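In the working numbering, the protein residues as written are 3 to 67. Note that CB positions come from ideal geometry on N, CA and C, so glycine has one too. Being a predicted model, the structure only gives us computed values, none of them experimental.
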């Protein structure tokens, strides 16, 4: 995967992460009793965060000073 493809994927992951944040907040405000759905959304959000971190690590390598 080249850099432009990785950046596009990173943008997509960030957008999905924001969308999940919105969905989780909406479920919380609605006082939903569907804790299973809420837990699944939170788990997906955590997986996305890990994928975002991995993509950022590839794009921005650590610089040892």
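Taking 8 Å as the upper bound for CB-CB distance, residue 15 and residue 60 are not in contact here, some 13 Å apart. Inter-residue distance for residue 38 and residue 51 is about 20 Å (C-alpha atoms, whole angstroms). When the beta-carbon positions are compared, residue 54 and residue 43 stay at least 7 Å from each other. Per the coordinates, the alpha-carbon of residue 41 lies some 11 Å from the alpha-carbon of residue 30. Going by DSSP, residue 30 is part of the alpha helix (DSSP H) stretching over 5-31.
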